[in-house]
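Novice:
Protein chains in written order, with our numbering: chain D, 1 to 396; chain X, 1001 to 1133.
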């Protein structure tokens, strides 16, 4: 199938979705967490017979260091009652399940599997902050970044400093992202933190990697997510409310931040977005609700520019305008985002898809964006060496 | 493969230990690699020449790390940045000897080959750092 023939047409359809509670899930292993997400997805779709219908599984999982457990695909398939199916772990740092979703689309479009479950999981909170800092840094360049003590918040702080210097972006503007996403999370019962924060609290919080402070950082969280995909022509067999994925993009960039052309934008995000928008035959201004990769508050601002929600250098003004708040022109991270819903890294990409699925099927309750028909997810791996962008449409 | 001095990251750090900042120039397309690579990502050439580059440059961006991984906790808080060298090549590293109030984009710095604090673990290479020019 040529790229031209895909324009605006559904690539695959989502027939169900599931999400574990995000937070500190003490005493639960990753595979156990995932089984809750899978069960929710199975329960939502009674006409699906998981053991008979699901033909493949792709699972995003970043780090075996957390539980001393690799081989996550099969472990999770086992605990989800799906032993026997091909189950593969995809790893692309914090974009591991964005990559799982992309892999699921490949599988369905190839014709090899009619129904596929894609998802992700991470169990992190049993480790100390120093250990998590070390494990997360493994997604960055070892000999020139980790080896020189550059942490993950450090990499995004380097980008934030460059943006502040180039465009006059302020720490207050970054802090507004945290205030917004914490507010949204208060409307999401599955979010890790349901707690409002004030601008002053964010600005006064402990420095992690200047200019980023504790409240500029996403949360260390346990969680699991999944969605179930099928061919568009089969979707109505399983649900009256399928959500179609009409655009998919994934791109890579240099592993080292220092080698990039720009320190204020992510080329991977821009390439993935361009591919997804072209496939979907829509413009950024058509998007009605978006979940973007706010691993740090600055990262959300940068995504506004890279995804075309505003022009280069103007993301500070966009957050100031309030247009990305719930009730605004383009609500961003209605789930609470990585910032407040939490960021169990391997689970994040499909957790974003879960939120858009709820929004486009009218199931987002107190945080529902009225009449949303077109949504977008944006998942970044590492400091941007991977990005995935997906575009979703409801025809209901 | 027979080249006695391989164009690798490990060799880059061996030169650092000797007080030299060495890049590799691809003999086929002329692209300069810092760090060196055994295969040119532009033309896939495998023949290179060593090129000593100036360690002077300007700070492109920086951050002050307060929350550090276990290996670096004894050093925290510490400053790291990305420096654009006079040749236009870019290199990240720790910035030492600059007070926080004096840190700014554009600050003139130079590579320093004296062992920069290592904390503990990862002792396999000597770490360069940047100091005021």
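Backbone N, C-alpha and C fix where the C-beta goes; we use that ideal spot for every residue, glycine too.
Note that the structure is a prediction, hence the values are computed from the model and not measured.
(1) Does the beta carbon of residue 376/D come closer than 8 Å to any beta carbon on chain X?
(2) What residue range is occupied by the uninterrupted beta strand (DSSP E) comprising residue 1112/X?
(3) Do residue 235/D and residue 33/D have their C-beta atoms closer together than 8 Å?
(4) Report the neighbours of residue 1090/X on chain D: residues whose CB is nearer than 8 Å to its CB, in chain order.
(5) Using alpha carbons as the reference points, say which of 1127/X, 1104/X, 1131/X, 1088/X lies closest to residue 1015/X.
(6) Run down chain D in chain order and give the residues with a C-beta less than 8 Å from the C-beta of residue 1046/X.
(7) DSSP on residue 1085/X, reduced to helix/strand/coil?
(8) Who does residue 1062/X pair with in a DSSP beta bridge?
(9) Under 8 Å, Cβ to Cβ, is there at least one residue of chain D near residue 1028/X?
(10) With respect to the alpha helix (DSSP H) encompassing residue 154/D, which residues constitute its N-terminal and C-terminal limits?
(11) Alpha carbon to alpha carbon, what distance is there between residue 1074/X and residue 1091/X?
(12) Below 8 Å between beta carbons is the criterion; list the residues of the stretch 1064-1076 of chain X that meet it against any residue of chain D, in chain order.
(13) Cβ of residue 1043/X within 8 Å of Cβ of residue 1095/X?
(14) In terms of DSSP beta bridges, what is residue 283/D paired with?
(15) Going by alpha carbons, who is nearest to residue 381/D out of 155/D, 194/D, 285/D?
(16) Candidates 168/D, 220/D, 83/D: which alpha carbon is nearest residue 128/D's?
(17) So is residue 1105/X in contact with chain D if we call contact Cβ pairs under 8 Å?
(18) Run the CB neighbour count on residue 146/D, radius 10 Å, all protein chains shown included, and call it buried at 16 or more, exposed below.
(19) What does DSSP give as the partner residue(s) for residue 1056/X in the beta ladder?
(20) Taking the C-alpha atoms as reference points, what is the distance between residue 92/D and residue 326/D?
(21) Report the neighbours of residue 1080/X on chain D: residues whose CB is nearer than 8 Å to its CB, in chain order.
(22) For residue 153/D, collect the residues of the same chain with a Cβ closer than 7 Å to its Cβ; drop the 5 residues on either side in sequence, then sort them by chain order.
(23) Less than 6 Å between C-beta atoms, sequence neighbours within five positions excluded: which residues of the same chain meet that for residue 1047/X?
(24) Could you work out which residues of chain D lie near residue 1055/X, taking near to mean beta carbons separated by less than 8 Å?
(25) So residue 63/D and residue 99/D are supposed to be a Cβ contact under 8 Å. How far apart are they, rounded?
(26) Alpha carbon to alpha carbon, how far is residue 352/D from residue 12/D?
(27) Closest to residue 1070/X by C-alpha separation, out of 107/D, 384/D, 94/D, 135/D, would be which residue?
(28) Using DSSP with H/G/I as helix, E/B as strand and the rest coil, what is residue 71/D?
(29) Using 8 Å as the threshold, is the C-beta distance between residue 372/D and residue 292/D below it?
Specialist: Inspection of the coordinates gives the following:
(1) Position 376 of the first chain, counted from the start, is the residue given in the question as residue 376/D. Not an interface residue.
(2) Here residue 1112/X corresponds to residue number 112 of the second chain, with the count starting at 1. Start and end: 1108-1112.
(3) Counted from its first residue, the first chain places residue 235/D at position 235. Counted from its first residue, the first chain places residue 33/D at position 33. No, these two residues do not count as a Cβ contact at 8 Å.
(4) Counting from 1 along the second chain, the entry for residue 1090/X is found at position 90. Simply 258, 259.
(5) Taking the first residue of the second chain as 1, we reach residue 1015/X at position 15. Among 1127/X, 1104/X, 1131/X, 1088/X, the Cα nearest to that of residue 1015/X is on 1127/X.
(6) What you label residue 1046/X is simply residue 46 of the second chain in a count that begins at 1. The contacting residues do not exist; residue 1046/X stays about 20 Å from chain D at best.
(7) Taking the first residue of the second chain as position 1, residue 1085/X is located at position 85. Of the three classes helix, strand and coil, the one that applies to residue 1085/X here is strand, per DSSP.
(8) Walking along the second chain from the start, residue 1062/X turns up at place 62. Residue 1062/X is bridged to 1081/X.
(9) Counting from 1 along the second chain, the entry for residue 1028/X is found at position 28. Not an interface residue.
(10) Along the first chain, one-based indexing puts residue 154/D at 154. Unbroken alpha helix (DSSP H) run through residue 154/D: 152-167.
(11) If you number the second chain from 1, residue 1091/X lands on position 91. If you number the second chain from 1, residue 1074/X lands on position 74. Approximately 24 Å between the Cα atoms of the pair.
(12) 1064, 1065, 1066, 1067, 1068, 1069, 1070, 1071, 1072, 1073, 1075
(13) In the second chain, the residue the question calls residue 1043/X occupies position 43. In the second chain, the residue the question calls residue 1095/X occupies position 95. No, the Cβ-Cβ distance between residue 1043/X and residue 1095/X is not below 8 Å.
(14) Along the first chain, read from residue 1 onward, the residue named residue 283/D stands at position 283. Paired residue(s): none; residue 283/D is not in a bridge.
(15) Reading the first chain from its first residue, position 381 is the one you call residue 381/D. Nearest of 155/D, 194/D, 285/D to residue 381/D, Cα basis: 155/D.
(16) Translated into the one-based positions of the first chain, residue 128/D becomes position 128. When only C-alpha atoms are compared, the closest one is 220/D.
(17) Taking the second chain and counting its residues from 1, the one referred to as residue 1105/X is at position 105. Yes, because at least one Cβ of chain D sits closer than 8 Å to the Cβ of residue 1105/X.
(18) Against the first chain, residue 146/D aligns to sequence position 146. Per the 10 Å Cβ criterion, buried.
(19) Looking up residue 1056/X in the second chain gives position 56. DSSP output for residue 1056/X lists 1110/X as bridge partner(s).
(20) Taking the first chain and counting its residues from 1, the one referred to as residue 92/D is at position 92. Taking the first chain and counting its residues from 1, the one referred to as residue 326/D is at position 326. Answer to the nearest angstrom: the Cα atoms are 30 Å apart.
(21) One-based indexing of the second chain puts residue 1080/X at position 80. Simply 148, 149, 150, 154, 158.
(22) On the first chain, position 153 is the one that residue 153/D refers to. Taken in chain order, the residues that qualify are 208, 209, 212, 217, 296.
(23) As a working note, residue 1047/X is residue 47 in the second chain. Here the set comprises 1027.
(24) Locating residue 1055/X in the second chain gives position 55, where the first residue counts as 1. Going along chain D, no residue has its Cβ under 8 Å from residue 1055/X, so there is no contact; the nearest lies around 15 Å.
(25) Numbered from 1 along the first chain, position 63 holds the residue referred to as residue 63/D. Numbered from 1 along the first chain, position 99 holds the residue referred to as residue 99/D. With 8 Å as the limit, residue 63/D and residue 99/D do not qualify as a contact, their Cβ atoms being about 15 Å apart.
(26) Numbered from 1 along the first chain, position 352 holds the residue referred to as residue 352/D. Numbered from 1 along the first chain, position 12 holds the residue referred to as residue 12/D. Computed Cα separation, rounded: 17 Å.
(27) The residue given as residue 1070/X occupies position 70 in the second chain. Considering only alpha carbons, the answer is 135/D.
(28) Residue mapping note: residue 71/D aligns to position 71 of the first chain, counting from 1. The answer is coil: DSSP assigns residue 71/D none of H, G, I, E or B.
(29) Along the first chain, read from residue 1 onward, the residue named residue 372/D stands at position 372. Along the first chain, read from residue 1 onward, the residue named residue 292/D stands at position 292. Against a cut-off of 8 Å, the Cβ pair of residue 292/D and residue 372/D comes out as no contact.
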